[in-house]
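Notes for the one structure printed next.
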Amino acid sequence: MKSLIFAAFFPIFAASAGAYTDVGGRYTAGPSGYAGVNAFAEWGEDDYYFRPSLNTYKSDLSDRMSTYSLGAGLEREAWSAGAELSVTPETNGYKNTGLYADFTYNLLRSPAEDAALQDATLGVFAGLTMHEDLYAASTATVSIGRRGTSSVTLTDAFKLNQTDYGVSAAVKLYGVRASGRFTKTAYNKDITDEARELPLDIGGIGTSGFPDTAVSARLRVPGLPVVPEAGYARTNYLLDQPSSESFTLGLSVKFPKAELSAGWEGFNPGGGQPKSDYWSLGLTLPF
């Protein structure tokens, strides 16, 4: 599928001699044999871009899950907008399809070069993920009595539509860029304790749960020889599941022909469960 996406769009980019091309990837390692790869290619000019990507991960506790995405966006002086289509092929009966779109308004278009406030934006976004579980989610467990036996009955494939929507904001003040977002999640059916937990992707880490609300914040200092960044995210879940937290630290260095990055993510699933550390290395090549 990835090759088909590349083949379909390559003639467009080849015809635009002035278009830029960035190709990159990131490898992430974690506990229990976790290994994830994110690879992308981006073509565009100052006012538009196209971006196909692949995100895949595997661990000792789960089979490989892969997501193929195709994004595009427009950049204008006063605003920017983007959209993305993603597909996760079936693995052990589970699959999903996602649609995402965002719009950002620039509040500060032409700041002075020596201005303390150099950038300020507000944005909105929304995404729809259509989950389907053909195997494990096609069973319903029925309990009899407080200490009675349980039986499993085959039902239709479990389907669930998840809608994420929210707001974002960013400022660049005294050379430091700060950004944040708030996300609310809604579902097309009632979520009960008997419902199947789907392998949703929280903070880039494969986990299970039904997100309700999430907040995230990020600090970055661009313009330095070595660019540092730090982030925090908290996700609240339905069904009285403990909230999870994610802390990130990263460094990136730009060279004439490449950009190198390294990062750490500390994931706390909450509820007294063990915390996990994830380490990543990335490389981007501009053409």
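Counted from 1, the sequence shown has number 156 at position 175 by my numbering; the numbering is strictly sequential. For each residue, glycine too, the CB sits at the ideal point set by N, CA and C. Everything numeric in this text was worked out from a predicted model, so none of it was measured.
- Residue pairing of glycine 63 in beta bridges, as defined by DSSP: Gly54, Asp83.
- One thing to note: alanine 151 has its Cβ no nearer than 9 Å to the Cβ of glycine 204.
- When C-beta atoms of the stretch 235 to 251 are compared with those of the stretch 193 to 201, fewer than three pairs fall below 8 Å, so the two segments do not count as touching.
- Arginine 90 carries a coil assignment under DSSP once its states are collapsed to helix, strand and coil.
- At a Cβ-Cβ threshold of 9 Å, threonine 229 and glycine 247 count as neighbours.
- Cβ atoms of threonine 110 and glutamine 143 come within 8 Å of each other, at about 4 Å.
- A distance below 6 Å between beta-carbons, with the five flanking residues on each side excluded, links glutamate 210 to the following residues of its chain, in chain order: Arg201, Gly231.
- Contact annotation: valine 4 and glutamate 23 have beta-carbon atoms nearer than 9 Å.
- Annotation for serine 257: the continuous beta strand (DSSP E) segment containing it runs 257 to 267.
- Proline 209 is bridged by DSSP to Leu232.
- Residue burial is scored here from C-beta neighbours: glycine 253 has fewer than 16 other C-beta atoms within 10 angstroms and is therefore classed as exposed.
- The Cβ atoms of alanine 53 and arginine 32 sit closer than 9 Å to each other.
- Leaving aside the five residues that flank serine 149 on each side, the residues in its chain whose CB is nearer than 6 Å to its CB run, in chain order, Gly104, Arg162.
- Shown here for lysine 39: same chain residues with a beta carbon closer than 8 Å to its own, the five before and five after excluded, namely Gly14, Tyr15, Ala16, Gly17, Arg45, Met46 in chain order.
- Per the C-alpha coordinates, the member of Leu220, Asn87, Ser225 positioned closest to tyrosine 213 is Ser225.
- Between serine 233 and glycine 190, the gap from beta carbon to beta carbon reaches 9 Å or more.
- In this structure tyrosine 155 is exposed. Its beta-carbon is surrounded by fewer than 16 other beta-carbon atoms within 10 angstroms.
- In the structure shown, alanine 138 falls within a coil segment according to DSSP collapsed to helix, strand and coil.
- Secondary structure note for serine 34: its beta strand (DSSP E) is the uninterrupted segment 29 to 40.
- Across the set His112, Asp41, Val157, the C-alpha of His112 shows the shortest separation from the C-alpha of lysine 140.
- Aspartate 83 is positioned such that its CB atom lies no closer than 9 Å to that of alanine 59.
- Closest option to serine 50, judged by alpha-carbon separation, among Asp221, Leu266, Leu80: Leu80.
- The Cβ atoms of serine 67 and threonine 85 do not sit closer than 9 Å to each other.
- The DSSP-derived three-state label of valine 105 is strand.
- Sorting Tyr30, Phe21, Trp260 by C-alpha distance to the C-alpha of alanine 0 places Tyr30 at the top.
- Here DSSP, grouped into helix, strand and coil, assigns glutamine 99 to strand.
- Between alanine 101 and asparagine 87, the C-beta spacing is below 9 Å.
- Serine 242 places its beta carbon 9 Å or farther from that of serine 227.
- Per the C-alpha coordinates, the member of Thr37, Thr166, Asp28 positioned closest to asparagine 19 is Thr37.
- Within its own chain, the residues whose Cβ lies closer than 8 Å to the Cβ of arginine 90, once the five positions on either side in sequence are excluded, are Glu58, Ala59, listed in chain order.
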